[in-house]
Structures are given as C-alpha cells and as structure tokens.
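Peer 1: First the structure, which I've put down as structure tokens, then a few questions once you've had a look.
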Amino acid sequence: MALSRSARLGALATAAASFLVIAASPAPTPGADGIGDTYFPQLGNGGFDARHYDLDVAYDPATGRLEGRTTLTARATQNLSSLDLDLQKLTVTNVEVNGRRARFAREADEIRITPRDALRKGRTFTVTVTYGGVPEPLGGPIVFGSNYGWMKTADGVFVACEPNAASTWFPSSDHPADKATYDIRIRAPKGLTAVSNGRLVSTYDKGGSTYTHWRETKPMATYLATATVGKFDVRTGKTPGGIPIYVAIDPVLANSNNVDVYALTAEATDYWSQLFGPYPFEETGAIVDDMPEAGFSLEVQSKPVYSAVRSESTIVHELAHQWFGDSVSVERWKDIWLNEGFATYAQWLWAEHRGTRSAHDSFLAGYNARPADSAFWQTVVADPQRDTMFASAVYQRGAMTLQVLRERIGDDAFFRLLPAWTKLHRYGNANTADFIRLAERISGQQLDDLFQAWVFTAGKPTL
0 MALSRSARLG
10 ALATAAASFL
20 VIAASPAPTP
30 GADGIGDTYF
40 PQLGNGGFDA
50 RHYDLDVAYD
60 PATGRLEGRT
70 TLTARATQNL
80 SSLDLDLQKL
90 TVTNVEVNGR
100 RARFAREADE
110 IRITPRDALR
120 KGRTFTVTVT
130 YGGVPEPLGG
140 PIVFGSNYGW
150 MKTADGVFVA
160 CEPNAASTWF
170 PSSDHPADKA
180 TYDIRIRAPK
190 GLTAVSNGRL
200 VSTYDKGGST
210 YTHWRETKPM
220 ATYLATATVG
230 KFDVRTGKTP
240 GGIPIYVAID
250 PVLANSNNVD
260 VYALTAEATD
270 YWSQLFGPYP
280 FEETGAIVDD
290 MPEAGFSLEV
300 QSKPVYSAVR
310 SESTIVHELA
320 HQWFGDSVSV
330 ERWKDIWLNE
340 GFATYAQWLW
350 AEHRGTRSAH
360 DSFLAGYNAR
370 PADSAFWQTV
380 VADPQRDTMF
390 ASAVYQRGAM
400 TLQVLRERIG
410 DDAFFRLLPA
420 WTKLHRYGNA
430 NTADFIRLAE
440 RISGQQLDDL
450 FQAWVFTAGK
460 PTL
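For the sequence shown, numbering that gives the first Met the number 0 assigns the number 0 to the initial residue and increments by one for each residue that follows.
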C-alpha cells in the first residue's frame, strides 16, 4: 500500500510534533531516597506511587531464615532514571524491572535500582526483588523501649512494624503516605498457621509445608502489614452486624484471663461502625500471640495483633484504629496524635457506652492527676518528636483535646464530625490542619485558640 503525498506530509507533521513533545519532556532523573518526613528522612521514596505489593515469603522458625520475593506495581510520578526501595539488612540477590534484569546497589537501608530503560512519568511498572536472610527486629526508645518489627517467638514469628520496621522483612516504600493493596503468600512448616491482612484466599499443605495466601484489597500503609506465624486456634464467623471476623489465639493463652476476644471484637467493631462510619475493611478480627518480650499491641489492618490476651480497653482501642490510623492514615509521623489520641478517646467513649464512666470524668481524672510542672505537659502533641512520638501525652492529651472540642462544639456537631472525618479521608492520608478545618466547617466555629492551647503548645492549658 502506498501513501498519498498529503498523507506522507501529515505523517511527517505528526512525527515532528511527537519529537517536539518528547524533546520538551524533562530528562529522566533519580527518584528521591525518602519522602521528606522529618522524623524518618529516608523512609518512603520519591518518583513513584506504590499501587500493589505481591509478597511471597517462606519462613523457617528453626533457623529464623526468611526467603522472599516481592513484586511492587507502581506508577512513575516523574521521568525516572533510577528509583529506591527501603530494605533493612536482608541480602538482595536479584532485581527485575518490567521483567528484565536491572542493576542495583545497596547503601545502608536503601536499594538503588537502575532499570535498562528510563521509566516515563505516568506509566505503570513493576519491580521484582528476590532477597533473603534472618530479619532483625528494631529497638531503641521509640516503641516504649521495646523491640518491634519481625520478632521470633517460640513457635514462629510475631510481626508488628510501626513505625519503620516493615522494611525489615520486605522491600517497600516504607511510609504511610504511600499506601497500596496487597497479596501476601506465606510458606511455613506444616502444622503452623500463617495470619495476615484482609481475607484468606487459600491455604493448603504440600510436602512438609503449609502455603497460605491472604489478600488486602483496600489501601494499606506498610507498617500495618503482617505475616505472623505460629500455632493458633482459629475461630471465624460474622459479627451481629454481618462483618466477617477471623480470630487466631495462641493455645498457650487460651485461659489466661476472662476476656472473650472473639465476642468483644465483634461487639466493638459493630459499635464503632455506628459511631465512626461503616467499617472500612473486608474483615475484622484479632491475632493473639504469646510474645511477652513485645509487651504491646498494634492495629494491624483488619486484624490487630496482641502480644498476649489484652484488656477490654486495649482491644477497643486497637479496633478504633481501623478507622483512625488504618483507613485514615497520617500524612507525616508528627501527626501521630490523629491515630493515638482518637483511639484513646475511643476508650473513653467505650466506658461511656458501658455506663461505667463518662468521657468528661475520664478527661478530668487525667487532667487533675497531672500537676502543671509535670513533664507530661511539655510534649507538643502535634509534633512530639521522633523518639517520643508514642509518649503518653500523645495518647492522653490527644484524647483530652477531643473532649474539650466536644464540649466546645456540642455533641450534635462532634458526633457528625467523627464519621465525616473518616468518610472524607477514607483510605487516604490527612494531617492536623485538615482536622481543624473540618471541625470548623461542621461546627461553624473558629477553633484556632482551642487547638493552639491543646496540641501546638507545651504547658498545661487552663480550663
């Protein structure tokens, strides 16, 4: 087939225009090695938006060794010559970008990946990393002085990674501002149960191993991912409100106290759904492991993990996080009171619901118990600093702020504000200024003085 002269001229014009567009686009440059969080400058990565993680891990409790293969699907937000992923200590053996071998280099906790061809802005691409080693938990002052992350237990592993330990077991853009969906496949020795996020897709035995596949279809921050393995008694069903529930409890803890974790999880999930808006995930539940060295619990998305059977108050706290922290996540770690202050206030609301104590009385008890010269009042709640980001003031003074707000704007506005907040930022990220703006819009009041006194300033506010 031959082209006419006019057609040839048209084709030349189109080619010239395309050349000009390509020539005008910015030259490919490396993606940043962090998103710029002041608490963790190298967490997360620039130049792309994570969309989906496909995690395939095999864990041997006898040796502590993890073998992993992670495929990240992402969209380039700039023309990329190279990009970084976060991975702590584990050894990388191979990297592929869009199915082709790619060069990579390690620098501390960063993997710098250079694909064969530049990645164009707006294009979706995949990065597959094969790696292995013995994951090490993190320590230090951040999480109440406890170790956290990938923690070996007597029969498996307890995985609770807030704030920066997801990258101890899989390569990622390890910051809550870069959320994604997940498929998590876990191979463990036969006889052990592997529990993760979302819904159970399949589980089967082959040879001496059990293969388990979990799927989280809602966006999730990296620190909320888990791959907890051990001996568990599992109970499944639905809450009275119809939400699927999966509760796994280490049989060692079966008779450790009088809390019915399954019944309480079902009841609290349904009650919070009335106060905070529809439950944001496909399944609720709990993972209760025998891990005394941890001494803490974490709001793992869809199934909080508890290092022992915890109190009623702790369980309702972690379930409230499914809305405040998991669905609506912090934009930067300094905003952590939006997670912990809200979940602590939920504990006060639960006591009010039970008829044991009003939120007002809970507020007064905490306020009056701490004199003005207490170090408690020196934490600036809206920016508590990295090593004290989980200080008691972030929890308690954050909750006090919400009670003061409730009494200022009234119950009608306050209880419209909470579900409006979770709806507006569902599956996304938000900051303190966003919350103040919404509270002012719903209440019709100017609230700068309240938040200035309670979250932006050190010192004990006067009532």
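Just so it is clear, CB atoms sit at the ideal spot from N, CA and C, and this is done for glycine as well.
(1) Could you tell me which residues DSSP pairs with GLY284 in its beta bridges?
(2) If we ignore side chains and look at the alpha-carbon of each, how far apart do PHE275 and ARG74 end up?
(3) Determine the DSSP secondary structure at PHE323, reduced to helix, strand or coil.
(4) At the level of alpha carbons, what is the spacing between ILE185 and THR227?
(5) For a test of the three-state rule: what should DSSP assign to THR70, helix, strand or coil?
(6) Thinking C-beta only, is SER208 closer than 8 Å to LYS230?
(7) Is it buried or exposed, HIS424, if we count other Cβ atoms within 10 angstroms and call 16 or more buried?
(8) Hey, how far is the Cα of PHE280 from the Cα of GLY155?
(9) Where does SER442 fall in DSSP's three states?
(10) So, helix, strand or coil for THR268, using DSSP?
(11) Using CA coordinates, which residue listed in GLN384, LYS205, TYR181, GLY206 is at the minimum distance from SER195?
(12) ILE112 by DSSP, collapsed to three states: which one?
(13) Which first and last residues belong to the alpha helix (DSSP H) in which PRO418 is found?
(14) Looking only at its own chain, which residues have a Cβ that is under 6 Å from the Cβ of ASP55, when we skip the five neighbours before and after it?
(15) Would you mind stating whether ASP484 and THR76 have Cβ atoms separated by less than 8 Å?
(16) Quick one: what's got a C-beta closer than 6 Å to ILE21's C-beta in the same chain, skipping five residues either side?
(17) What first and last residue would you give for the beta strand (DSSP E) that runs through ASN93?
(18) In three-state DSSP terms, what is SER296?
(19) Excluding the five sequence neighbours on either side, which residues of its own chain have a C-beta within less than 8 Å of the C-beta of PRO40, listed in chain order?
(20) Between which two residues does the beta strand (DSSP E) carrying GLY148 extend?
(21) For THR225 and LEU462, I'd like the C-alpha separation in whole angstroms.
Peer 2: Well, looking at it:
(1) TYR245
(2) 32 Å
(3) strand
(4) 9 Å
(5) strand
(6) no
(7) buried
(8) 27 Å
(9) helix
(10) helix
(11) TYR181
(12) strand
(13) 410-423
(14) ARG68, ARG184
(15) Nothing can be reported for residue 484, as the shown portion of the chain is limited to 0 through 462.
(16) Residue placement at ILE21 is poorly supported in this model, since its pLDDT is 45, which falls under 50; the coordinates are not used for a value here.
(17) 90-96
(18) strand
(19) GLY33
(20) 148-151
(21) 42 Å
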